[in-house]
Amino acid sequence: MIELKSAEEIARMAVTGQFVGELLAELRGVAAVGVNLMDIEHHARRRIKERGAESCYWDYAPSFGRGPFRNVLCLSVNDAVLHGLPHDYVLRDGDLLSIDMAASIDGWAADSALSVIVGSPDPADLKLIEATEVALAAGIAAVQPGGRLGDVSAAIGKVAHSYGYSVNAEFGGHGIGRTMHEAPHVSNDGRPGRGIKLEPGLTIAIEPWLCASTDKIRYDKDGWTIRSADGSRTAHSEHTVAVMADGHQVLTRRPTHSTTSADPNHEARHGE
Numbered sequence: 001m002i003e004l005k006s007a008e009e010i011a012r013m014a015v016t017g018q019f020v021g022e023l024l025a026e027l028r029g030v031a032a033v034g035v036n037l038m039d040i041e042h043h044a045r046r047r048i049k050e051r052g053a054e055s056c057y058w059d060y061a062p063s064f065g066r067g068p069f070r071n072v073l074c075l076s077v078n079d080a081v082l083h084g085l086p087h088d089y090v091l092r093d094g095d096l097l098s099i100d101m102a103a104s105i106d107g108w109a110a111d112s113a114l115s116v117i118v119g120s121p122d123p124a125d126l127k128l129i130e131a132t133e134v135a136l137a138a139g140i141a142a143v144q145p146g147g148r149l150g151d152v153s154a155a156i157g158k159v160a161h162s163y164g165y166s167v168n169a170e171f172g173g174h175g176i177g178r179t180m181h182e183a184p185h186v187s188n189d190g191r192p193g194r195g196i197k198l199e200p201g202l203t204i205a206i207e208p209w210l211c212a213s214t215d216k217i218r219y220d221k222d223g224w225t226i227r228s229a230d231g232s233r234t235a236h237s238e239h240t241v242a243v244m245a246d247g248h249q250v251l252t253r254r255p256t257h258s259t260t261s262a263d264p265n266h267e268a269r270h271g272e
């Protein structure tokens, strides 16, 4: 069942979203050559505790995982794209790191992700990250009252294909609110004009993710980490968004900074 949120409830989600956005921006600065993934994880744990928030990841045990998940971040490096299990790994020059986090404050959740290159960037990696950011911005722009969920999916897929990437439809975005994962599923490809109607009060996490040269995935033995099947680089971008009467609101907006000019922080303004 899809629960539409009131303006007051969306405002409460925005409080969580601000925290998530600010912490992700902070973690992007923490990620550097020579830093251990577990140092990033423990930094996030401290910040979440200091804020009085709760991680939506801790003890999460879906059917596909070898759970429960006992971390507050998903940290995915290079060919890992989703659900990367933080572990003892020291970041190297040129690594592509995706950071995904979801937290809850006073019972309201928000979810967001970004990808960053540590040290010297490879142009192909920059293009891959840019594609996810442009796709995210396009998906957000399609969030308009009276539209259809397929408009969002189609906008994401159109950008991905225009960059020359294929799209995996096994994992995508999702509804969010009182819990991290709610209905509906938000595919990263689709047809405009299809799917549920976008009504004010609907809150969704939009999260395009791409592999450089495949749409197939494989799982690590840890049961969580999802990688490109061919070992190619991957990237992931995500924001939590609310449908408003006059457009949309990005609830996890981060302090302005971007690896590309396509950062949805710039593109996805309220009501656009």
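In terms of the UniProt record's numbering, the sequence shown has 121 at position 121, counting the first letter as 1, and numbering is strictly consecutive. By construction, the Cβ of each residue, glycine as well, lies at the ideal position given by its N, Cα and C atoms.
How should serine 261 be labelled, buried or exposed, when 16 other C-beta atoms within 10 angstroms of its C-beta is the threshold for buried?
On the sequence shown, position 261 is the one that residue 261 refers to. Unreliable positioning characterises serine 261 in this predicted model, as indicated by a pLDDT of 39, which lies under 50. The coordinate reading is nonetheless provided below. Under this definition serine 261 is an exposed residue.
Around the Cβ of proline 86, are there at least 16 other Cβ atoms within 10 angstroms (buried) or fewer (exposed)?
Position 86 of the sequence shown holds residue 86. Result: buried.
Which of helix, strand or coil DSSP assigns to histidine 248:
As a working note, residue 248 is residue 248 in the sequence shown. Residue state, collapsed to three classes: strand.
Looking only at its chain, what residues have a beta carbon closer than 8 Å to the beta carbon of tyrosine 60, apart from the 5 residues adjacent to it on each side?
On the sequence shown, position 60 is the one that residue 60 refers to. The answer, listed in chain order, is Gly67, Pro68, Phe69, Met180.
Extract the residue ranges of the alpha helix (DSSP H) inside the segment 37–87, only unbroken runs of 4 or more that lie entirely within it.
37–51
Could you have a look at methionine 101 and say whether DSSP puts it in helix, strand or coil?
By 1-based counting over the sequence shown, the position of residue 101 is 101. Note: methionine 101 maps to strand in three-state DSSP.
Let me confirm a value: valine 235 is counted as buried when at least 16 other C-beta atoms fall within 10 Å, else exposed. Which label applies?
As a working mapping, residue 235 is identified with position 235 in the sequence shown. The residue asked about is misnamed: residue 235 is alanine in this sequence, not valine. So alanine 235 ends up on the buried side.
Which whole runs of the alpha helix (DSSP H) in the segment 137–210 are 4 residues long or more, in chain order?
149–162
Looking at the structure shown, is glutamate 3 part of a helix, part of a strand, or coil, going by DSSP?
Translated into the one-based positions of the sequence shown, residue 3 becomes position 3. Three-state result, glutamate 3: coil.
Check whether the Cβ atoms of valine 134 and valine 159 sit closer than 8 Å, and answer yes or no.
Working through the sequence shown from its first residue, we reach residue 134 at position 134. Working through the sequence shown from its first residue, we reach residue 159 at position 159. Yes. Within cutoff.
Spatial distance of arginine 227 from serine 63 (CA atoms)
As a working note, residue 227 is residue 227 in the sequence shown. As a working note, residue 63 is residue 63 in the sequence shown. Cα to Cα, the separation comes out at about 18 Å.
Rounded separation between glycine 119 and glycine 29 - CA only:
Your numbering for residue 119 matches position 119 in the sequence shown. Your numbering for residue 29 matches position 29 in the sequence shown. The alpha-carbon atoms of glycine 119 and glycine 29 are separated by roughly 12 Å.
How big is the Cα-Cα spacing for serine 55 and tryptophan 224?
Walking along the sequence shown from the start, residue 55 turns up at place 55. Walking along the sequence shown from the start, residue 224 turns up at place 224. Approximately 17 Å between the Cα atoms of the pair.
How would you write the range of the beta strand (DSSP E) that tryptophan 108 sits in, first residue to last?
Taking the sequence shown and counting its residues from 1, the one referred to as residue 108 is at position 108. Run containing tryptophan 108: 108–117, per the beta strand (DSSP E) assignment.
Here's the rule I'm using: 16 or more other beta-carbon atoms within 10 Å means buried, otherwise exposed. How should alanine 268 be labelled?
Against the sequence shown, residue 268 aligns to sequence position 268. For alanine 268, the pLDDT reaches just 34, beneath the cut-off of 50, and the residue's location in the model is therefore unreliable, although a value from the coordinates is still provided. Buried, since its Cβ has 16 or more Cβ neighbours within 10 Å.
Look at the alpha carbon of histidine 43 and the alpha carbon of asparagine 71, and state the distance between them as a whole number of angstroms.
Reading the sequence shown from its first residue, position 43 is the one you call residue 43. Reading the sequence shown from its first residue, position 71 is the one you call residue 71. Distance between the alpha carbons of histidine 43 and asparagine 71: 12 Å.
Compute the Euclidean distance between the alpha carbons of glutamate 8 and valine 243, then round it to the nearest angstrom.
Within the sequence shown, the letter at position 8 stands for residue 8. Within the sequence shown, the letter at position 243 stands for residue 243. For glutamate 8 and valine 243, the distance between alpha carbons rounds to 13 Å.
C-alpha distance - glutamate 272 paired with tryptophan 58, whole-angstrom precision:
What you label residue 272 is simply residue 272 of the sequence shown in a count that begins at 1. What you label residue 58 is simply residue 58 of the sequence shown in a count that begins at 1. Annotation note: pLDDT 28 at glutamate 272 (below 50); position unreliable, coordinate value reported separately. Their Cα atoms are separated by approximately 35 Å.
C-alpha gap between leucine 4 and serine 237, whole angstroms:
On the sequence shown, residue 4 is found 4 positions in, with the first residue counted as 1. On the sequence shown, residue 237 is found 237 positions in, with the first residue counted as 1. If I take the Cα positions, the gap works out to 24 Å.
Who are tyrosine 219's beta bridge partners in DSSP?
Residue numbering aside, residue 219 sits at position 219 when the sequence shown is read from its first letter. For tyrosine 219, which the question treats as bridged, DSSP gives the partners Ile226.
With the cut-off set at 8 Å, would you say valine 167 and valine 241 are in Cβ contact?
Position 167 of the sequence shown holds residue 167. Position 241 of the sequence shown holds residue 241. No.
Just mark methionine 1 as buried or exposed, buried being the case when its beta carbon has 16 or more other beta carbons within 10 Å.
Taking the sequence shown and counting its residues from 1, one reaches residue 1 at position 1. Methionine 1 should be labelled exposed.
Does the Cβ-Cβ distance between leucine 73 and methionine 101 come in under 8 Å?
To locate residue 73, count along the sequence shown from 1; it is residue 73. To locate residue 101, count along the sequence shown from 1; it is residue 101. In contact: leucine 73 and methionine 101 (Cβ atoms closer than 8 Å).
Hey, would you say tryptophan 108 sits closer than 8 Å to arginine 51, going by beta carbons?
Position 108 of the sequence shown, counting from 1, holds the residue named residue 108. Position 51 of the sequence shown, counting from 1, holds the residue named residue 51. Not a contact, by the Cβ cut-off of 8 Å.
Express the C-alpha separation of tyrosine 163 and phenylalanine 19 in angstroms, rounding to a whole number.
Counted from its first residue, the sequence shown places residue 19 at position 19. Counted from its first residue, the sequence shown places residue 163 at position 163. Cα to Cα, the separation comes out at about 32 Å.
Cβ of threonine 16 within 8 Å of Cβ of alanine 103?
By 1-based counting over the sequence shown, the position of residue 16 is 16. By 1-based counting over the sequence shown, the position of residue 103 is 103. Yes, the Cβ-Cβ distance between threonine 16 and alanine 103 is below 8 Å.
Could you compute how far the alpha carbon of aspartate 106 sits from the alpha carbon of methionine 13?
For the purposes of this step, residue 106 is taken as residue 106 along the sequence shown, with counting starting at 1. For the purposes of this step, residue 13 is taken as residue 13 along the sequence shown, with counting starting at 1. The alpha-carbon atoms of aspartate 106 and methionine 13 are separated by roughly 9 Å.
Hey, leucine 149 and glycine 195: beta-carbon distance below 8 Å or not?
Against the sequence shown, residue 149 aligns to sequence position 149. Against the sequence shown, residue 195 aligns to sequence position 195. Cβ atoms of leucine 149 and glycine 195: closer than 8 Å.
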